[in-house]
Structure formats: C-alpha cells, structure tokens
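J.:
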Amino acid sequence: MTESTKKRLVDTKMVPLPSTSIVPERDLGKRPVLETRHLGIEFGGLKAVEDFNIAVGPTEICGLIGPNGAGKTTVFNLLTKVYQPTTGTVLIDGKDTSGMTTEQANRMGIARTFQNIRLFGNMTVEDNVRIGLHNQIRYGTPAGIFRLPQYWKAEKKMHERSLELLSIFGMQDMADVKAGSLPYGAQRRLEIVRALATNPSLLLLDEPAAGMNPHETEELMQNIIKIRDQFQIAVMLIEHDMNLVMGICEGICVLNYGRIIAKGTPEEIQQNPVVIEAYLGSQKKEGEA
Numbered sequence: 385m386t387e388s389t390k391k392r393l394v395d396t397k398m399v400p401l402p403s404t405s406i407v408p409e410r411d412l413g414k415r416p417v418l419e420t421r422h423l424g425i426e427f428g429g430l431k432a433v434e435d436f437n438i439a440v441g442p443t444e445i446c447g448l449i450g451p452n453g454a455g456k457t458t459v460f461n462l463l464t465k466v467y468q469p470t471t472g473t474v475l476i477d478g479k480d481t482s483g484m485t486t487e488q489a490n491r492m493g494i495a496r497t498f499q500n501i502r503l504f505g506n507m508t509v510e511d512n513v514r515i516g517l518h519n520q521i522r523y524g525t526p527a528g529i530f531r532l533p534q535y536w537k538a539e540k541k542m543h544e545r546s547l548e549l550l551s552i553f554g555m556q557d558m559a560d561v562k563a564g565s566l567p568y569g570a571q572r573r574l575e576i577v578r579a580l581a582t583n584p585s586l587l588l589l590d591e592p593a594a595g596m597n598p599h600e601t602e603e604l605m606q607n608i609i610k611i612r613d614q615f616q617i618a619v620m621l622i623e624h625d626m627n628l629v630m631g632i633c634e635g636i637c638v639l640n641y642g643r644i645i646a647k648g649t650p651e652e653i654q655q656n657p658v659v660i661e662a663y664l665g666s667q668k669k670e671g672e673a
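Here the sequence shown stands for residues 385 to 673, where the numbers follow our numbering.
(1) May I have a chain-ordered list of the beta strand (DSSP E) segments no shorter than 3 residues that lie completely inside the stretch 415-479?
(2) Ordered along the chain, which non-local residues of its own chain (more than five positions away) have a Cβ less than 7 Å from that of Pro469?
(3) Straight-line CA distance for Pro416 to Val638?
(4) Just to check my reading of the structure: Leu586 and Ile617 have Cβ atoms closer than 8 Å, yes? What is that Cβ distance to the nearest angstrom?
(5) How would you label Lys456, buried or exposed, when you count the other beta carbons within 10 angstroms and need 16 or more for buried?
(6) Asn490: which of Gln556, Gly635 and Phe460 sits nearest, CA to CA?
(7) Hey, would you say Glu591 sits closer than 8 Å to Gln499, going by beta carbons?
(8) Got a sec, what are the start and stop residues for the beta strand (DSSP E) Val513 sits in?
(9) Out of curiosity, what's the CA-to-CA distance linking Asn656 and Ala646?
(10) Would Ala454 pass as a contact of Ala579 if the rule is Cβ separation under 8 Å?
(11) Counting C-beta neighbours from all protein chains within 10 Å, is the total for Asn597 16 or more, i.e. buried, or is it exposed?
(12) Using 10 angstroms around the beta-carbon of Ala516, count the other beta-carbons present and answer buried if the total reaches 16, otherwise exposed.
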C-alpha cells in the first residue's frame, strides 16, 4: 500500500442532524439527497432488511459495509426500486418514491452500478454511454426518420457529451471499442460513466473496486472524489476494500443481518467494538498469538 493510500484522502468534520444521522458539515442546513425511514423488506417471512434509517448529504461520500449476506445489495435494490419495500419510505431530495419504478427513480436522480458488470458487450463504449443520455437529449420521431437538422444536432450533442464523460477516466480514445473486449477494470469504469450519463444527484456504486489491482483502486479513489467535486453529487458505495472505504468515505453505515449496527465517521467505525466483532474481525484476547 502506498503512502498516499495510507493517508486519508478526505478530512471532513461530520456533524449530527436532528436525528440519529450525521452529514458533512458543508451539507448542514441542506436537504439530504437520500433519506430512508424504517425501511425494510421480507422474503417469505425472512426479514432481509429491517428498520434501515439513514440520511446522506447532497455532496457526501458514504460507505455501506458489512459481512457477506448482510443485506447491502438488497438495500441498493430497495433504493433503486428493483424491490418494493415491505415497510418504510425512501425519499430522494425529499420526495417519496413509494410505488415508483426503477426508471422513475432514475429520473428522480438516483443511478447505480452493479456487483456483476451489466454492460452491453456487443455495443461500443460510446454507445453504452449514450444509452445513459437517452432521457436528456431528445428529438421527435419525424426528425429521426427523415434525419432532420434536429436529429443531427442531438446526435452531435450526445457524441460530445459521451466523450466528455469518458474523459473522466481517460477513456475517450476507447469510444469505438466494443465494451465486451475491455479489460475488467475498464469495464468497471465504463459502468460508472454510463451511470453518470443519467445526470444523477446520488450515485450508488456496488463494489466498484472488485477485481481491480492496488494501482487501479487508488486511481478509483481519486476519481470518486473528482466525480463528487466536479458533479456536486453524493456517492454511496458498497465495498469490502477497507483501505478504499476508510480513505474516502466521510460517513459509514455498518449492516449486519439486515440491521444497522453502527453509523459514524471512519475513525468511530474503526474503534467500535461491535463492528470489530461483527465485520472487521474479533479482537484477539490478551496474550493470544
């Protein structure tokens, strides 16, 4: 691990909301981009997620961690309306998403990547990004059929925007490459770019560093901060790489058996005995080798 990775990349003071949540000091007084209230879901009587309460500031980088099977991806599925909750509420920018579809939630400003990459492998890198732009740049059916000036203007705008987004990861020169032929790490990055193309206010990243080498992971950390700063959006990530989580996350929520067992700053989470026992590993008994 390099010295730059050992050192925290962000140093933000976290302050309490008038609840059990904390947000970055710079977001105090602003409406949370995400708020959940008593969120839960059951599958056949089994409570996969229960009483999940969290608030995320509009420019916060937030971590959701926990053991395998703790319910982290289920939470993401609830937030993006892949699953409809059994109990509770999800608010995006203060608006209730009850009964909404995944597409409607995306239009409200929530976008995600997946634990298992879901790109269109036979399409080019640029076309994958353009899919994310479909709800922002439009032209009428006649303009598309007859290739009217509105069509070419929109196509030019989408091309320029796609290359601009790809340049975040230095991928603009790969625009014409088939997405399925990219190395694994590049496919991960392309998924993030495609999600950004939908113009979200909250970006959910499900294990973004999975399969990446240490150099790629460190670069990813820098780019997540760059995305937050450049787009002024919130980022919530699920990740098992604790160097990444502790290096860039400002607030961390720890999940175990579908319930939140701790919320706090990286320093608080690292020192929390409940978290140490449940996730980071039991503290060794005195005198134990």
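Ideal placement from N, C-alpha and C gives every residue a C-beta, glycine not left out.
T.: In terms of the structure at hand:
(1) 418-427, 430-440, 445-449 and 471-476
(2) By 1-based counting over the sequence shown, the position of residue 469 is 85. These residues qualify, in order along the chain: Leu423, Gly424, Ile425 and Leu462.
(3) To locate residue 416, count along the sequence shown from 1; it is residue 32. To locate residue 638, count along the sequence shown from 1; it is residue 254. Each residue's alpha carbon lies about 19 Å from the other.
(4) Within the sequence shown, residue 586 is the residue found at index 202, counting from 1. Within the sequence shown, residue 617 is the residue found at index 233, counting from 1. With 8 Å as the limit, Leu586 and Ile617 qualify as a contact, their Cβ atoms being about 7 Å apart.
(5) Against the sequence shown, residue 456 aligns to sequence position 72. With a 10 Å radius around the Cβ and a threshold of 16 neighbouring Cβ atoms, Lys456 comes out buried.
(6) By 1-based counting over the sequence shown, the position of residue 490 is 106. Selected option, being the one with the closest Cα: Phe460.
(7) Counted from its first residue, the sequence shown places residue 591 at position 207. Counted from its first residue, the sequence shown places residue 499 at position 115. In this structure, Gln499 lies closer than 8 Å to Glu591 by Cβ.
(8) Indexing the sequence shown from 1 puts residue 513 at position 129. In the DSSP assignment, Val513 falls outside any beta strand (DSSP E) and lies within the alpha helix (DSSP H) extending over Val509 to Gly516.
(9) Your numbering for residue 656 matches position 272 in the sequence shown. Your numbering for residue 646 matches position 262 in the sequence shown. Computed Cα separation, rounded: 8 Å.
(10) As a first step, residue 454 must be located in the sequence shown, where it is residue number 70. As a first step, residue 579 must be located in the sequence shown, where it is residue number 195. Not closer than 8 Å, so no.
(11) Here residue 597 refers to the residue found at position 213 of the sequence shown. So Asn597 ends up on the exposed side.
(12) Position 132 of the sequence shown, counting from 1, holds the residue named residue 516. Note that residue 516 is Gly in the sequence shown here, rather than Ala. The residue in question, Gly516, is buried, as its Cβ has 16 or more Cβ neighbours within 10 Å.
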